[in-house]
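Asker:
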Amino acid sequence: MSESDTPAFRYTAAKAGEIEPRWQAYWAENGTFDAPNPTGELADPTHPRAGAPKLYVHDMFPYPSGAGLHVGHPLGYIGTDCYTRYKRMAGFNVLHPMGFDAFGLPAEQYAVQTGTHPRTTTEANVERYRDQLRRLGLAYDDRRTFATTDPDYYRWTQWIFLQIFNSWFDPSVRKARPIDELIAGFENGSRPTPDGRAWAGLSPIERREIVDGYRLAYISEAPVNWCPGLGTVLANEEVTPDGRSERGNFPVFQRNLKQWMMRITEYGDRLVEDLDVLNWPEPVKLMQRNWIGRSRGAHVEFPMDAVEPVISVFTTRPDTLFGATYMVLAPEHTLVDAIVPAQWPEGTRPAWTGGHATPAEAVAAYRAQAAGKTEAERTAEARVKTGVFTGAYAINPVNGDRIPVFVADYVLAGYGTGAIMAVPGQDARDWEFAEIFDLPIIRTVQPPDGFEGAYVGEGPAINSDWLNGMGVADAKASMISWLEEHGHGRGATTFRLRDWLFSRQRYWGEPFPIVYDETGLPIGLPDSMLPVVLPDVEDFSPRTFDPDDADSEPETPLSRAKEWVEVELDLGDGPKRYTRETNTMPQWAGSCWYELRYLDPHNDKALVDSENEAYWMGPKGPGDCGGVDLYVGGVEHAVLHLLYARFWHKVLYDLGYISSFEPFRTLFNQGYIQAYAYRDARGFVVPADEVVDRDGRWYYGDQEVQREYGKIGKSLKNVVTPDEMIDQYGADTFRVYEMAMGPLDVSRPWETRAVVGSQRFLQRVWRLVVDEETGAVRVTDEPLPLEVRRLLHRVIDGVRVDMDELRFNTAIAKLIELTNALTPLPTVSREAVEPLVLMASPFAPHLGEELWRKLGHEGSLAYVGFPVADPALLVAESITYPVQVNGKVRGRIEVVPDTAEDEVRAAALAAVTEALSGRDPKKVIVVPGRLVSVVV
RNA sequence: GCCGGGGUGGUGGAAUGGAAUACACGGAUGACUCAAAAUCAUUUGCCUGAGAGGGCAUGCGGGUUCGACUCCCGUCCCCGGCACCA
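For the first sequence, position 467 matches number 466 in numbering that gives the first Met the number 0, and the numbering has no gaps at all.
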């Protein structure tokens, strides 16, 4: 395009490039988007929205990577920005903050490669992100921003850790309580110690060990996911189903290691139940329910016929107990050795022994074989059931039957009790195993006629004594009562959810506010010693290993900072030597509570002032959970972040620090912007922006290439950045395009060549106000033609509804319609243009401000009321009725509103006489205001 | 395997059980221009027809209804989650 030919005052990328930074500077100077708190340093009673209804809108904050933003990243941010700008205009006191999730692996890995300190790269990346977001015109309250790596922030992350460390879960009230209350109970004798010993008779160390066993944050030596390739342990949530690390895709091994855990399992019931009150997408709730995996059933005790130990099993189907024909223990089950007899019992079938001379040998061989398999191998083997007889028999408590006990790896050590009663008639896995080992199958629920295999459905109980004829639910309840009465078991609930592995062997994370004394037991530091600042070290690389070296030992980077680790402190009993905890917290820690800190970001007395928390996040009434009014982010956080954040929030609620018991009342998952990538014949990716489309085929130079659809990324050579789009079209055009592409929650492909449509729309809006040749404002005060006025009010009405429901694509379509209706009019009326500019401004805020100013207004439009439709004008002047004959439209009639039904009917029949071709209508349906349907 | 979500023009998408395809991209034609770009105007689901019109279309097959993209049953395909969880 040649500069000289373009009208001097047309809205172009260059014009946008001049307007946009000017308004961004104006907003920053005037603190336009600062939201007043009810109290504290951010209170402002003179603010235009002080005392107005509040709205807290919150985005999942970004991890500022070295690569910067691509066009996909800001989709949700633009969405919340449009929404909050609209709501602010509509009268709400809107809080919309942004921060940075800046601890984590990439900065550390980059640091290891380049020798730059992670803080240096992190700070540079954060600055770059701030600039990129600022250029988009996002309206944040900049006073409330922070990075999780700021010591002022992670001081409170550490403080919350200490609250969790200093709490225990009291099942009788189903909530966390201060650990001091537990200790007081032991001291005054109102609470017995777990093993019944008298508290007074215990040594201080024994007492500390007992108390440590109750803490919500605790150290355990338990099987954890050890990833030698990363040099760190990982949470279950960070391990893929095939047993590899989600980050880096290295093998993960089960190892017994001493690690910090959080007792999230205690919150299993509440985490499941409170999902019901959340306004979240159902798929996300379902994923959380599945992850937590609450199962209700019973524990049943099976005595052995020859030895002492009793085997406890968990079952969800106590009603099928009469069909339990054998038992299975996980290979790792601790009772296996205790029940194995010296010899195979008389008459043991050869197929059960695995060819071994004694049960001990058979079990040992099977265990060795099972332990040698990785998770991936176990899954890969198509789940053919394997196992071996232990030589032992148990007694089915309900009928006294003697049933064989097997060891098999289809029973998992980590779930339930690690042992099952096998009911092949009602369980597909047990059925398979029973067929292989030729074990008896007893049906205890009547299947439908002709049914083959394990029947897990509903039906009357059979072969089950007093249960016979009962439905499954009744039979379960009846069996549980019987078990409890006879001391053979009790109703029980188990969870798939495991406790949260909370320590990592990394440098770039929050240090634990924990030291160890000479006993080796952990001691929480007092608040006065926070923050525990991450020390500067020479070598911040974690020790990594050969990814397949399962026997390697974790080594934390902080353990090499000797002068930091070995410390003299006075913890109230005089100066003593202590050793600091050298693990760091996982990346999730910082995002577990950030929604609270935005409310009161500089408070150094508390993580958040309770009045401010109650104002922004408090429950709106009895039964309401409180929380952020709208939380927007990707569905990839459906379990990890969202589960951890809910857990911390509930602990803080239990301890009385906050009034909301859920962090995010409403959740919205935005879709992803994806992009096409192209590969040549050899399978190599070619730059997407150099591929041309000819007749439905794609060419790179003269060679044809194949198109695929997927993520935006460097390796796919299809990255488009917001900065490029801003340079080529301006931020407003980019914003409108992203919002107009489709519904916010749907993923869609990026298409740069379609962006021009959004620019044309903004150009037309601009042209309505400004003469492109002279720059003069061309708006008049003439009244609008009535038809256009009616359209204007229909658009206002529709746009408000769309905005409230985050349906920005249809809101923009309506604005385009209005613009297209105004464009051909001989004069441009202020009556239409001002509402149009106001309605367009959430999407194109810089253009909106500029035109508002040109229209003669002072200051910013951020607090000007959003247009309101006149209901009188929403009623159409006349109504067009389509007239259907046998479901097909054969004519139309036009009538004034409120025409009597008889009249409409007569007019309609007259309009379709030709189509009726003399036939008599059997039936005529008049839908008022809609259509007329004639049946012949 | 189980559980979700989704299949509408060349493309992104629109449609409280009531005119399918709004709005935009792309395409076509025209105006302006020496020309091109930009802009503006017209047009654009498919088939058929000179035209008026007619027929067919919301993955596929049924059903409910005066009327179905929308509700119900079956089926195929795509995307996502979980995966021996007793």
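Yeah, the Cβ is synthetic: ideal placement off N, Cα and C, and Gly gets one too. These figures come from a predicted structure and were not determined experimentally.
Which same chain residues, not among the five before or five after Phe60, have their C-beta less than 8 Å away from its C-beta?
Answerer: Within the first sequence, numbered from 1, the residue matching residue 60 stands at position 61. Correct list, in chain order: Met97, Gly98, Phe99, Asp100, Ser590, Tyr593.
Asker: Report yes if the CB atom of Ile163 is closer than 8 Å to the CB atom of Val210, and no otherwise.
Answerer: On the first sequence, residue 163 is found 164 positions in, with the first residue counted as 1. On the first sequence, residue 210 is found 211 positions in, with the first residue counted as 1. Contact: no.
Asker: Does DSSP put Ala875 in a helix, a strand or coil?
Answerer: In the first sequence, residue 875 corresponds to position 876, counting from 1. Three-state result, Ala875: coil.
Asker: Is DSSP giving Asn717 helix, strand or coil here?
Answerer: Counting from one through the first sequence, the residue named residue 717 turns up at place 718. Three-state result, Asn717: coil.
Asker: Sort out for me which residues DSSP pairs Trp225 with in a bridge.
Answerer: Counting from 1 along the first sequence, the entry for residue 225 is found at position 226. Val232, Phe252, per the DSSP bridge assignment.
Asker: What separation, rounded to the nearest whole angstrom, lies between the Cα atoms of Leu837 and Arg84?
Answerer: Counting from 1 along the first sequence, the entry for residue 837 is found at position 838. Counting from 1 along the first sequence, the entry for residue 84 is found at position 85. So the two alpha carbons sit approximately 10 Å from each other.
Asker: According to the Cβ coordinates, are Tyr152 and Phe160 closer than 8 Å?
Answerer: On the first sequence, residue 152 is found 153 positions in, with the first residue counted as 1. On the first sequence, residue 160 is found 161 positions in, with the first residue counted as 1. Result no, Cβ atoms of Tyr152 and Phe160 do not sit closer than 8 Å.
Asker: With Met469 as the anchor, note down where its beta strand (DSSP E) starts and where it stops.
Answerer: Working through the first sequence from its first residue, we reach residue 469 at position 470. That residue, Met469, is in no beta strand (DSSP E); it is neither H nor E in DSSP.
Asker: Does the Cβ-Cβ distance between Arg579 and Val564 come in under 8 Å?
Answerer: As a working mapping, residue 579 is identified with position 580 in the first sequence. As a working mapping, residue 564 is identified with position 565 in the first sequence. The answer is yes: Cβ separation under 8 Å.
Asker: Near Cys81, what residues of its chain come up, given a Cβ to Cβ distance below 7 Å and the 5 sequence neighbours on each side ignored?
Answerer: The residue given as residue 81 occupies position 82 in the first sequence. Here the set comprises Met738, Phe807, Pro841, Phe842.
Asker: Need the endpoints of the alpha helix (DSSP H) that Asn124 sits in, please.
Answerer: Here residue 124 refers to the residue found at position 125 of the first sequence. First-last of the alpha helix (DSSP H) with Asn124: 117-134.
Asker: Ala421 lies in the beta strand (DSSP E); which residues open and close that run?
Answerer: In the first sequence, the residue the question calls residue 421 occupies position 422. Unbroken beta strand (DSSP E) run through Ala421: 418-421.
Asker: Are the beta-carbon atoms of Phe321 and Thr347 separated by less than 8 Å?
Answerer: Looking up residue 321 in the first sequence gives position 322. Looking up residue 347 in the first sequence gives position 348. Cβ atoms of Phe321 and Thr347: not closer than 8 Å.
Asker: Look at the alpha carbon of Gly413 and the alpha carbon of Glu331, and state the distance between them as a whole number of angstroms.
Answerer: Working through the first sequence from its first residue, we reach residue 413 at position 414. Working through the first sequence from its first residue, we reach residue 331 at position 332. If I take the Cα positions, the gap works out to 9 Å.
Asker: Shortest alpha-carbon distance to Ala914 belongs to which of Glu431, Arg891, Arg497?
Answerer: In the first sequence, residue 914 corresponds to position 915, counting from 1. The shortest C-alpha separation from Ala914 is found at Arg891.
Asker: Nearest-angstrom Cα distance between Asn885 and Lys14?
Answerer: Along the first sequence, read from residue 1 onward, the residue named residue 885 stands at position 886. Along the first sequence, read from residue 1 onward, the residue named residue 14 stands at position 15. Their backbone Cα atoms lie some 56 Å apart in a straight line.
Asker: Take every Cβ of the stretch 666-679, pair it with every Cβ of the stretch 695-706, and state whether three or more of those distances are shorter than 8 Å.
Answerer: Contact holds: three or more Cβ-Cβ distances are below 8 Å.
Asker: Please indicate yes or no: does the CB of Leu533 lie closer than 7 Å to some heavy atom of the ligand COA?
Answerer: Because no ligand of any kind appears in the structure shown, any question about the ligand COA cannot be addressed here.
Asker: Tell me the DSSP secondary structure of Gly16 in three-state form.
Answerer: As a working note, residue 16 is residue 17 in the first sequence. Helix at Gly16.
Asker: With a floor of 4 residues, list each alpha helix (DSSP H) that falls wholly inside the stretch 421-496, ordered by position along the chain.
Answerer: Runs found: 427-436, 471-485.
Asker: Do Thr314 and Ala297 have their CB atoms nearer than 8 Å?
Answerer: Sequence index remark: in the first sequence, residue 314 carries index 315 (1-based). Sequence index remark: in the first sequence, residue 297 carries index 298 (1-based). Yes.
Asker: Can you tell me where the alpha helix (DSSP H) holding Lys384 begins and where it ends?
Answerer: One-based indexing of the first sequence puts residue 384 at position 385. No alpha helix (DSSP H) contains Lys384, which DSSP labels as neither H nor E.
Asker: So the candidates are Glu567, Arg696, Ala549; which of them puts its Cα closest to the Cα of Leu229?
Answerer: As a position in the first sequence, residue 229 is number 230, starting the count at 1. The shortest C-alpha separation from Leu229 is found at Ala549.
Asker: Take every Cβ of the stretch 104-111, pair it with every Cβ of the stretch 59-75, and state whether three or more of those distances are shorter than 8 Å.
Answerer: Enough Cβ pairs lie closer than 8 Å, so yes.
Asker: Rounding to the nearest angstrom, what Cα-Cα distance links Leu846 and Ser828 in this structure?
Answerer: Along the first sequence, one-based indexing puts residue 846 at 847. Along the first sequence, one-based indexing puts residue 828 at 829. So the alpha carbons of these two residues sit roughly 19 Å apart.
Asker: Over the uninterrupted beta strand (DSSP E) stretch that includes His57, give me the two end residues.
Answerer: To locate residue 57, count along the first sequence from 1; it is residue 58. Element bounds for His57: 53-58.
Asker: Do you know offhand how far Phe185's Cα is from Val172's?
Answerer: By one-based count along the first sequence, residue 185 stands at place 186. By one-based count along the first sequence, residue 172 stands at place 173. If you take the alpha carbons of Phe185 and Val172, they lie about 18 Å apart.
Asker: Candidates Lys561, Leu570, Asn582, Arg576: which alpha carbon is nearest Glu554's?
Answerer: Here residue 554 is taken as the residue at index 555 of the first sequence, counted from 1. Nearest C-alpha to Glu554: Asn582.
Asker: Out of curiosity, what's the CA-to-CA distance linking Gly114 and Tyr506?
Answerer: Here residue 114 corresponds to residue number 115 of the first sequence, with the count starting at 1. Here residue 506 corresponds to residue number 507 of the first sequence, with the count starting at 1. Answer to the nearest angstrom: the Cα atoms are 14 Å apart.
Asker: Tell me the rounded alpha-carbon separation between Val566 and Ala560.
Answerer: If you number the first sequence from 1, residue 566 lands on position 567. If you number the first sequence from 1, residue 560 lands on position 561. Computed Cα separation, rounded: 11 Å.
Asker: Helix, strand or coil: which one does DSSP assign to Lys921?
Answerer: For the purposes of this step, residue 921 is identified with residue 922 of the first sequence, where counting begins at 1. Coil, per DSSP.
Asker: Pull up the distance between the alpha-carbon of Arg127 and that of Val627, whole angstroms please.
Answerer: As a first step, residue 127 is located in the first sequence; it is residue number 128 there, counting from the start. As a first step, residue 627 is located in the first sequence; it is residue number 628 there, counting from the start. Roughly 27 Å between the two C-alpha positions.
Asker: Judging by CA-CA distance, which residue of Trp259, Leu533, Leu805 is the nearest neighbour of Ser219?
Answerer: Here residue 219 is taken as the residue at index 220 of the first sequence, counted from 1. Ser219 has its Cα closest to that of Trp259, out of Trp259, Leu533, Leu805.
Asker: Mapping DSSP to helix, strand and coil, what is Phe539?
Answerer: In the first sequence, the residue the question calls residue 539 occupies position 540. Three-state result, Phe539: coil.
Asker: Enumerate, from N- to C-terminal direction, the unbroken beta strand (DSSP E) stretches of 3 or more residues contained entirely within the stretch 618-651.
Answerer: Listed in chain order, they are 629-632.
Asker: Return the first residue and the last residue of the beta strand (DSSP E) that Tyr506 is part of.
Answerer: Here the question's residue 506 lines up with position 507 in the first sequence. Segment: none, Tyr506 is in no beta strand (DSSP E) and carries neither H nor E.
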